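In this note's numbering, the protein residues as written are 501 to 801. As structure tokens, the structure follows; a few thoughts come after it.
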Amino acid sequence: MKIAILSRNEKLYSTRRFREAGELRGHEVDIIDTLHCYMDITRSRPVVRYRGTDLPKYDAVIPRIGASITFYGTAVVRQFEMMGSFCVNESVAISRSRDKLRSLQLLSRKDIGLPRTGFANRPDNIKDLIKNVGGAPVVIKLLEGTQGIGVVKADTNKAAESIIEAFMGLKANILVQEFIEEAGGSDIRCFVVGNKVVAAMKRQGAEGEFRSNLHRGGSATLFKLSKEERATAINAAKIMGLNVCGVDILQSNHGPVVMEVNSSPGLEGIEVATNKDVAGLIYEFIETNASPNRTKTKGKG
Ligand code: ADP
């Protein structure tokens, strides 16, 4: 097959692995820099222009859209959908997953376990906002944060009030969430492909750190999911409409709760921790599912 990987950097581990695994399976793989794509959207036959020429019609597209380029990146994915290429994750699903509030609202509507969460822009009753999620300790999150930056734990209601006031002073959108103490500074990353969890790892934060992000010195090991955890991850992916995603779960004393669903999950952490060929499994999914115009919204979303 002719496959495009949309990525800003061909040197990244995930991008390199996608090229390597695709070529190993006999595919023709092009790495396309998302921000260098441009298009004349008024042409009756949709095309994507790249470095002065029309890109060919790809059988499949693997979008790796970083959080900082969601807006332009999803427009490029949409253009490929309009051309009839099978996009592993659709543009609408990627946009949906990038909006934390929208994601949590969608998951909650379908009864997926979530940490008790409140969100606010300019609450006139901060005490009530904190009380609403069960009181301190709570976690306060900047909506725009990634890699654990902008995630703060407040041990007392007073500290929570001050932090919320400070964030509000900066006009930031925030989430206030029940702190899942029993997770013990760890979380579970479930890597979903199609309707299966193909690999799972437990990430443990560094000593004295409640955030388990690998970028913050956390470590990862292979993890065997319970039936309930597996079902939660698969359902969350389905609700978000993502074929390939990372579902992050905390083990709470009221069952598994979903923290986040990531539409461009990294391959390095999961492949190293589990010793699985996750890139190869994604190609297996593409080989079974990619046929022209199989993308559900065909760019209409
Ligand atoms: P980011 O998207 O920036 O990584 P997360 O929401 O995933 O932010 O939070 C970073 C880390 O903080 C998580 O991996 C988890 O270990 C920890 N964490 C986040 N929310 C909670 C919570 N409600 N209770 C306990 N730990 C949490």
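Heads up, the beta-carbon is just placed ideally off N, CA and C, and yes, glycines get one too. All figures in this text were calculated on a predicted structure; none of them were measured in a lab.
Alpha-carbon to alpha-carbon, glycine 618 and alanine 654:
A direct Cα-to-Cα measurement between alanine 654 and glycine 618 gives close to 15 Å.
Closer than 8 Å to a non-hydrogen atom of ligand 1 - does that hold for the CB of glutamate 760?
For glutamate 760, the shortest C-beta to heavy atom distance toward ligand 1 is below 8 Å.
Whether arginine 689 touches alanine 720 by CB criterion (9 Å)
Alanine 720 is positioned such that its CB atom lies closer than 9 Å to that of arginine 689.
Under DSSP, the beta strand (DSSP E) around threonine 797 begins and ends at which residues?
It is not in any beta strand (DSSP E) - threonine 797 carries neither H nor E in the DSSP assignment.
Excluding the 5 residues flanking glycine 474 on each side, which residues of the same chain have their C-beta closer than 7 Å to its C-beta?
The chain is shown only over 501 to 801; residue 474 falls outside these bounds and no answer can be derived.
Per-residue DSSP class, three states only, for glutamate 510
Per DSSP, reduced to three states, the secondary structure at glutamate 510 is coil, with no helix or strand assignment.
Could you check whether the Cβ of isoleucine 649 sits closer than 8 Å to any heavy atom belonging to ligand 1?
It does: the Cβ of isoleucine 649 is within 8 Å (strictly closer) of some heavy atom of ligand 1.
Evaluate contact between the region 531-547 and the region 569-579, counting only Cβ atoms and requiring at least three cross-stretch pairs below 8 Å.
Between the region 531-547 and the region 569-579 there are three or more C-beta pairs closer than 8 Å, enough to call the two in contact.
With 16 as the cutoff for other CB atoms within 10 Å, does glutamine 677 come out buried or exposed?
By the neighbour-count criterion, in which 16 or more other beta carbons inside 10 Å mark a residue as buried, glutamine 677 falls on the buried side.
Under 9 Å between C-beta atoms of isoleucine 734 and isoleucine 503
With respect to isoleucine 503, isoleucine 734 sits apart: the two C-beta atoms are not nearer than 9 Å.
Span of the beta strand (DSSP E) around glutamine 751:
Residues 744-752.
Valine 471 versus asparagine 695: straight-line alpha-carbon distance, rounded:
Residue 471 falls outside the range modelled here, since the chain spans only 501 to 801, and no answer is possible.
Keeping to the same chain, check which residues put their C-beta closer than 6 Å to that of alanine 683; ignore five residues upstream and five downstream.
Correct list, in chain order: Leu750, Gln751.
Check whether the Cβ of alanine 700 sits closer than 8 Å to any heavy atom of ligand 1, and report yes or no.
Incorrect: alanine 700 has no Cβ contact closer than 8 Å to ligand 1.
Determine the direct distance from the alpha carbon of alanine 560 to that of methionine 759, and round the result to whole angstroms.
One C-alpha to the other measures close to 30 Å.
Glutamate 528, enclosing beta strand (DSSP E) - first and last residue
Per DSSP, glutamate 528 belongs to the beta strand (DSSP E) from 528-532.
Can you tell me whether serine 712 sits near ligand 1, meaning its C-beta is under 8 Å from at least one heavy atom of the ligand?
Checking the Cβ of serine 712 against ligand 1 gives yes.
Out of Leu642, Met740, Cys587, Lys658, point me to the one whose CA is closest to leucine 506's CA.
Here the closest residue by C-alpha is Cys587.
Answer with buried or exposed for lysine 671, where buried requires no fewer than 16 other C-beta atoms within 10 angstroms of its C-beta.
Exposed.
Excluding five sequence neighbours on each side, which residues of the same chain lie with their C-beta closer than 7 Å to the C-beta of glycine 685?
Around glycine 685: Gln704, Gly705, Glu709, Phe710, Ser712.
How many angstroms separate the CA atom of glutamate 661 from the CA atom of proline 623?
Using only the alpha carbons, I get a separation of about 11 Å.
Identify whether glutamine 579 lies in helix, strand or coil by the three-state DSSP scheme.
Of the three classes helix, strand and coil, the one that applies to glutamine 579 here is helix, per DSSP.
For leucine 629, which option in Leu604, Ser603, Lys658, Ile612 has the closest C-alpha, if you only look at C-alpha atoms?
The shortest C-alpha separation from leucine 629 is found at Lys658.
Taking only the alpha-carbon atoms, compute the straight-line gap between arginine 716 and threonine 732 and give it to the nearest angstrom.
Distance between the alpha carbons of arginine 716 and threonine 732: 26 Å.
If you reduce the DSSP assignment to three classes, tell me which class leucine 670 lands in.
In the three-state reduction of the DSSP assignment, leucine 670 falls in the coil class, being assigned neither a helical nor a strand state.
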